[in-house]
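Below: one structure, written as structure tokens.
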Amino acid sequence: MALTGIMDSHLSESAFDTIRRMVYEETGIKLSEQKKAMIQSRLMKRLKQAGCPSFEQYVKTVKLNPHERAIMFNLLTTNVTKFFRESHHFDFLREGFLPVFLKHSGQTRPLKVWSAGCSTGQEPYTLALVLNEFFASYPGRDFQITASDINTDVLQKAAGGIYQWEEVSDIPYEWLKKYFKLGTGPNSGLFKVKDTLRKKVNFKYFNLAVPVGNKRDETIYDIIFCRNVFIYFDQDTKANVIRMFYNSLTPGGYLFLGHSESLNINDTRIGKWSIQQHTVYRKEV
Ligand SMILES: C[S@@+](CC[C@H](N)C(=O)[O-])C[C@H]1O[C@@H](n2cnc3c(N)ncnc32)[C@H](O)[C@@H]1O
201 MALTGIMDSH LSESAFDTIR RMVYEETGIK LSEQKKAMIQ SRLMKRLKQA GCPSFEQYVK
261 TVKLNPHERA IMFNLLTTNV TKFFRESHHF DFLREGFLPV FLKHSGQTRP LKVWSAGCST
321 GQEPYTLALV LNEFFASYPG RDFQITASDI NTDVLQKAAG GIYQWEEVSD IPYEWLKKYF
381 KLGTGPNSGL FKVKDTLRKK VNFKYFNLAV PVGNKRDETI YDIIFCRNVF IYFDQDTKAN
441 VIRMFYNSLT PGGYLFLGHS ESLNINDTRI GKWSIQQHTV YRKEV
């Protein structure tokens, strides 16, 4: 529907509540009362594109149309990320986890890693780079990375693997040269992840908030990175997701969280965990 009349940009309390409820029920993201201005500014442009003269009308459209709902969720997730974010995690992998993993008798299968809430791909590509460098010294050993998110726009960007200079500036020059192609012509100034890394990462849509048992993939992982995602969830959603991670990890597998996130290891709902270092947890049996 084309917009002909005047737009009502006011976000009423009832439209605000409905949006918050829908977001919580379908994504687990808890938007607080303070997020009204943020919701309003992030959705304003979309109202026009969807031909809705008011937020009331937009809410009606979103309720009826799953495609519009997905667009709204894309607009309301926060996707801040960067290469080598919280770099001590990658040091821990190299120095603490990987040597032990390799020493384990019978561990000839590939290392399996899940980047859950991967945003635009910087986290799984950093993992791929670090693991590729490490495994280069161990011929015959390999790894696979699954990277998932609920936001289909960020997944598209992640799969494309194309970044601006500002986005790759945290990557040491030697690795930038080795793992990225510098664009030419219309792509000049852009950096594209080379196939060596790209083929190591499998991107897919996965909603962490879907109740346990409903949609979990059956892969068992050695490592799960889920960083800076729990900050958007409430305690119940978080407990459900951690339990799902517990069931998705091999015994002795590791869970990495963001710098301001933690597990309450006394919560019996989430399985048995030990703390290895700040924000790094090991599955115990
Ligand atoms: C702040 S980013 C973190 C990116 C990366 N892990 C990092 O630490 O740099 C949070 C990501 O979690 C995703 N997310 C939020 N709720 C989710 C859900 N229910 N299922 C899957 N991903 C979700 C968002 O779309 C967003 O890309």
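Residues in the sequence shown are numbered consecutively from 201, following the working numbering.
Ideal placement from N, C-alpha and C gives every residue a C-beta, glycine not left out.
Since the structure is predicted, the reported quantities are computational estimates derived from the model, not experimental observations.
Exercise. Thinking just about the alpha-carbon of each residue, which of K483, I442, D349 is nearest to the one in T281?
Worked result: Nearest neighbour of T281 by Cα position, chosen from K483, I442, D349, turns out to be D349.
Problem set entry | F284 vs D370 beta-carbon contact at 7 Å | Their beta carbons are under 7 Å apart, which means F284 touches D370 by this criterion.
For this session: Answer yes or no: do F343 and L329 have a C-beta to C-beta separation smaller than 7 Å?
Result: No. Outside cutoff.
For this session: Report buried or exposed for R469, applying the criterion of at least 16 other Cβ atoms within 10 angstroms of its Cβ.
Result: Counting the other CB atoms within 10 Å of its CB gives R469 a total below 16, which places it among the exposed residues.
For this session: Using 10 angstroms around the beta-carbon of M272, count the other beta-carbons present and answer buried if the total reaches 16, otherwise exposed.
Result: The residue in question, M272, is buried, as its Cβ has 16 or more Cβ neighbours within 10 Å.
Exercise. Under three-state DSSP, which class holds A316?
Worked result: Three-state result, A316: strand.
Exercise. So, N265 versus S319, is the Cβ gap smaller than 7 Å?
Worked result: At a Cβ-Cβ threshold of 7 Å, N265 and S319 do not count as neighbours.
Exercise. Can R285 be considered in contact with ligand 1, in the sense that its beta carbon sits closer than 6 Å to one or more heavy atoms?
Worked result: It does: the Cβ of R285 is within 6 Å (strictly closer) of some heavy atom of ligand 1.
Exercise. Under the three-state reduction of DSSP, which class applies to F335: helix, strand or coil?
Worked result: Note: F335 maps to helix in three-state DSSP.
For this session: Give a yes or no on whether the C-beta atoms belonging to F216 and K236 are separated by under 7 Å.
Result: Yes.
Exercise. At a cut-off of 6 Å, is D417 close to ligand 1 when judged by its beta-carbon and the heavy atoms of the ligand?
Worked result: D417: no, Cβ never under 6 Å from ligand 1.
Exercise. Leaving out the 5 sequence neighbours to the left and right, which residues in its chain are closer than 7 Å to L397 when beta-carbon positions are compared?
Worked result: Contacts found: Y325, A328, L329, N332, Y379.
For this session: Could you spell out where the beta strand (DSSP E) holding Y481 opens and where it closes?
Result: That run of the beta strand (DSSP E) goes 480-483.
Problem set entry | Own chain, CB closer than 6 Å to M207, minus 5 neighbours either side, in chain order | P253, listed in sequence order.
For this session: Give the C-beta separation of Y405 and T346 to the nearest angstrom, bearing in mind that I take them to be a contact with Cβ-Cβ under 8 Å.
Result: At roughly 12 Å, the Cβ-Cβ gap does not stay under 8 Å, so Y405 and T346 are not in contact.
For this session: May I ask you to report which of helix, strand or coil DSSP gives I239?
Result: Three-state DSSP puts I239 in a helix.
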